[in-house]
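**Student:**
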Amino acid sequence: MAGSGPRELVIVRPPQEGFGFNLSRLGTVHFLRVVEPGSAASKAGALVPDRILKINGQDVTEVSHGDLVALIKQAGRELRMTVQLISQDELDRLQSEGNSGSRHGSFSGLAPAQQMAAALQPPPQQIRHSQPQAPQQRGPPQPQQVAQPGPAHLARSVPTNLKTVSIVRAEGSFGFNLSRLEGRHVVRVVQPRGAAEAAGLYPGDEVIVVNNAVVMNAEHSDVVSLIKQAGEQIVLEVVPSSAGPITQAAINADPILKSRAQPAVVKSEDRIAEARRRAEAEWQAKRDALVRQQEEERQRTRRELFEGERTRLQNELERAQAAAKAAAAHRGSAMNTAQSFAKEEEYKEMARVLRDIEQSSREELARRHQEPLSDDEYDAQLTTLRRQLEAAVLEDEIMNVHTSEWTRFGLDCKERRAVEERDASSLHEKLKVQRDQDLKLLQEKQQRMAERLEQARRQREEEIEAARRQREEERRQQQEVYEKRFKQAQEAARRRAEERERELEQEARRLRLEEESAQVREQQEREMAARSARLQERQQEEAQGKQQEGTFFGVPLKRATAPQSRQGDAMHPMVQLMQGAKSQGPRVPLVPGMKDTKM
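Following this line, the structure appears as structure tokens:
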């Protein structure tokens with residue numbers, strides 16, 4: 001079965017996490033050995049075993065495993081890969097070639113915590129095995145080779161020097177990697193500060209028993225499955241590495257096992273993680289700087305608009321305040337004049353009435369200004385300026401109303417004082433009457449002012465409504481005029497078209513009549529010419545007949561009779577003409593413009 005075609009994958013890893021795959025090599029083929037479920041690689045569509053063809057557009061089919069790993073690490077958070085799924089036949093062929101002695105490499109694209117969760121995954125050479133080989137003698141291990149289990153291993157007995165290790169799963173992993181080495185299940189890597197290290201498991205320990213099951217001669221995949229299915233706790237019985245010099249020597253001789261048994265890889269991963277964190281911090285700093293720059297530009301534009309609007313409002317506020325101040329001075333002068341003529345009670349009553357009106361106006365303004373200001377500083381300042389401007393305008397209107405009312409009140413008081421001076425004899429009664437009149441007058445003024453305000457309000461509303469109705473009426477009239485003009489234009493165009501058609505029909509009729517008249521005249525002329533010719537022939541025949549009457553050489557002649565036509569003979573033209581004249585009967589001669597149709 002052939003593999004599918006090449007695919008483009010874009011893997012974006014989250015911060016502080018890996019891409020979510022393990023990279024391995026069989027011969028010269030780089031492929032994905034593990035894809036962590038739910039990882040960035042899994043979400044991008046990576047499959048096992050996908051062959052890696054390109055990394056970020058660069059062909060990697062001929063690069064070494066170390067260069068490929070370095071290229072992936074340099075990709076940052078976004079990795080673009082071109083992959084192709086390996087068929088089962090090709091995978092079997094690569095595995096058989098790998099078992100024959102080809103070098104295997106591996107790279108984990110997982111974060112440290114995800115690597116611990118995937119620690120028990122077997123390497124490629126441990127997934128499928130070739131046929132058992134001939135028994136091999138134990139001897140010094142050969143570097144860069146992995147021996148397959150044979151019949152010699154089936155005869156091994158359970159060692160007696162076993163150490164029991166009880167491991168409790170931590171963070172989803174037991175914290176060690178298990179490998180097949182010379183037919184033995186050997187601990188390859190013990191994660192630093194992991195659950196296996198805390199339980200006392202060391203690299204090089206040979207696993208003999210897993211949860212009371214002897215696995216010394218079992219297949220490696222069965223041992224891995226047994227460990228994975230152990231739950232949260234597993235009990236291993238191992239041969240310590242110090243008691244097995246051959247196993248320890250094999251680990252020391254294999255650079256891959258030896259390097260992975262050292263904690264230096266953790267330090268390297270820490271450095272890589274630190275470099276990634278620094279790169280992400282620099283990227284975040286650049287992004288924050290760009291955001292700050294855009295925000296500063298927006299704030300500068302907004303500040304310019306705010307300053308222009310604020311300047312305009314401040315100028316209007318200054319003018320309104322100046323007008324209110326001048327109106328207040330005029331009111332003070334009017335009050336002084338009214339106070340010089342009015343009595344104290346009258347003056348107080350007038351001041352109370354005007355104060356009540358002023359207070360109601362200010363309360364109405366305060367109710368409109370009860371809405372809270374915006375949280376935005378600029379909007380709040382502009383709203384405050386608008387409210388101050390409205391208050392200054394109201395103050396100016398109040399001062400003008402007070403000035404008018406105090407002026408009129410002063411004139412009224414002056415007239416009353418003159419009347420009082422003329423009627424000194426009945427001063428007491430007049431004062432009483434006048435006081436009642438003044439109170440009544442003040443009440444009337446208060447009512448008049450209220451009515452005036454109400455009337456002004458209604459008048460404004462009526463004017464607004466009248467203007468709206470007038471605009472609507474004008475719009476409607478304009479629409480009607482436009483429609484009427486359009487209809488008139490259409491009607492005029494239709495009439496012109498009809499008149500043009502009638503003119504064309506009349507012209508065509510006139511032309512036909514002229515043509516028919518010409519044809520009739522030609523016909524009449526031909527008939528007249530034919531008739532004249534026949535008449536001349538007849539006259540000639542009659543003249544010849546008269547000449548032939550008498551004698552011919554003294555012999556009397558007899559008039560010959562007209563020959564009778566026989567049936568089948570052609571009729572004489574003159575007979576035809578005479579018979580035709582008799583058969584036609586009376587008829588009206590054709591005149592120009594008359595149409596004649598033969599039926």
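Here the UniProt record's numbering is used: position 431 in the sequence shown is 431, and no number is missing along the way.
Virtual Cβ for every residue (Gly too), placed ideally from N, Cα, C.
Strictly by DSSP, which residues pair up with A170?
**Tutor:** S173
**Student:** Run through DSSP, which three-state label would S24 get?
**Tutor:** strand
**Student:** For chain B, is any of its Cβ atoms less than 8 Å away from the one on Q437?
**Tutor:** Within the model displayed, chain B is absent; a lone protein chain is all it includes.
**Student:** Express the C-alpha separation of E62 and I167 in angstroms, rounding to a whole number.
**Tutor:** 42 Å
**Student:** Work out the CA separation of H30 and K65 for me, nearest whole Å.
**Tutor:** Residue 65 is actually His in this sequence, not Lys. If you take the alpha carbons of H65 and H30, they lie about 7 Å apart.
**Student:** What does DSSP give as the partner residues of M81 in its beta bridges?
**Tutor:** L9, I55
**Student:** Closest by CA to Y377, which one among E542, V215, R302?
**Tutor:** At residue 377 the sequence reads Glu, which differs from the Tyr that was named. Out of E542, V215, R302, R302 has the C-alpha closest to the C-alpha of E377.
**Student:** Please classify V266 as buried or exposed, where buried requires at least 16 neighbouring CB atoms within 10 angstroms.
**Tutor:** For V266, the predicted structure reports a pLDDT of 42, less than 50, and the residue's modelled location is therefore unreliable. A value from the coordinates is still provided. Answer is exposed; the Cβ neighbour count stays below 16.
**Student:** Let me know the secondary structure DSSP gives A533 once reduced to three states.
**Tutor:** helix
**Student:** Looking at Q359 and Y347, is the spacing between their C-beta atoms short of 8 Å?
**Tutor:** Going by C-beta atoms, Y347 is not nearer than 8 Å to Q359.
**Student:** What is the DSSP secondary structure of L162, counted as helix, strand or coil?
**Tutor:** coil
**Student:** What does the alpha-carbon distance come out to for the pair N315 and Q490?
**Tutor:** 58 Å
**Student:** Measure the C-alpha to C-alpha separation of E36 and V83 and round it to an integer number of angstroms.
**Tutor:** 17 Å
**Student:** Between which residues of its own chain and L365 is the CB-CB distance below 7 Å, once the five residues before and five after are set aside?
**Tutor:** E390, A391, L394
**Student:** Who does Q233 pair with in a DSSP beta bridge?
**Tutor:** Among the bridge pairs identified by DSSP, Q233 is matched with V168.
**Student:** How long is the line joining the alpha carbons of P6 and Q284, rounded to whole angstroms?
**Tutor:** 34 Å
**Student:** Check whether the Cβ atoms of V223 and L162 sit closer than 8 Å, and answer yes or no.
**Tutor:** no
**Student:** For K241, which of P15, H185, V353 has the nearest alpha-carbon?
**Tutor:** In the sequence under discussion, the amino acid at residue 241 is Ser, which differs from the Lys named in the question. Per the Cα distances, H185.
**Student:** Express the C-alpha separation of E498 and L504 in angstroms, rounding to a whole number.
**Tutor:** One Cα belongs to L504, the other to E498, and the distance between them is close to 10 Å.
**Student:** Among Q470, R408, E420, whose alpha-carbon lies nearest the alpha-carbon of L441?
**Tutor:** R408
**Student:** Using three-state DSSP, classify H369 as helix, strand or coil.
**Tutor:** Three-state result, H369: coil.
**Student:** Buried or exposed: where does Q16 fall if 16 or more other Cβ atoms within 10 Å of its Cβ makes it buried?
**Tutor:** exposed
**Student:** Report the option in Q58, P49, G57 whose CA atom is closest to the CA atom of D92.
**Tutor:** Checking every option, the nearest Cα to that of D92 belongs to P49.
**Student:** For S340, does the three-state DSSP call read helix, strand or coil?
**Tutor:** helix
**Student:** So, using beta-carbon positions, are V189 and G204 closer together than 8 Å?
**Tutor:** 8 Å or more divides the Cβ of V189 from the Cβ of G204.
**Student:** Identify, in the order they occur along the chain, each residue of the same chain with its Cβ nearer than 7 Å to the Cβ of M449, setting aside the five sequence neighbours on each side.
**Tutor:** I357
**Student:** Check the DSSP bridge columns for E206 and list the partner residues they point to.
**Tutor:** V186, V239
**Student:** To the nearest angstrom, how far is it from the Cα of R277 to the Cα of R77?
**Tutor:** Just so you know, the alpha carbons of R277 and R77 end up roughly 11 Å apart.
**Student:** Please say whether N22 and V34 have beta carbons closer to each other than 8 Å?
**Tutor:** For V34 and N22, yes; Cβs fall inside 8 Å.
**Student:** I need the straight-line Cα distance from R510 to K484, nearest angstrom please.
**Tutor:** 38 Å
**Student:** Kindly identify the DSSP beta-bridge partner or partners of F486.
**Tutor:** In the DSSP assignment, F486 forms no beta bridge with any residue.
**Student:** Once you ignore the five residues that flank F341 on each side, which residues in its own chain have a CB closer than 7 Å to its CB?
**Tutor:** Answer for F341: G410, C413, K414, R417, listed in chain order.
**Student:** Please state whether the Cβ-Cβ distance between G20 and A40 is less than 8 Å.
**Tutor:** yes
**Student:** Which value, in whole angstroms, describes the spacing of the CA atoms of R458 and E465?
**Tutor:** 10 Å
**Student:** In or out: residue 600 buried (at least 16 other Cβ within 10 Å) or exposed?
**Tutor:** No information on residue 600 is available, as it lies outside the stretch 1 to 599 that the chain covers here.
**Student:** Would you mind stating whether M399 and A327 have Cβ atoms separated by less than 8 Å?
**Tutor:** yes
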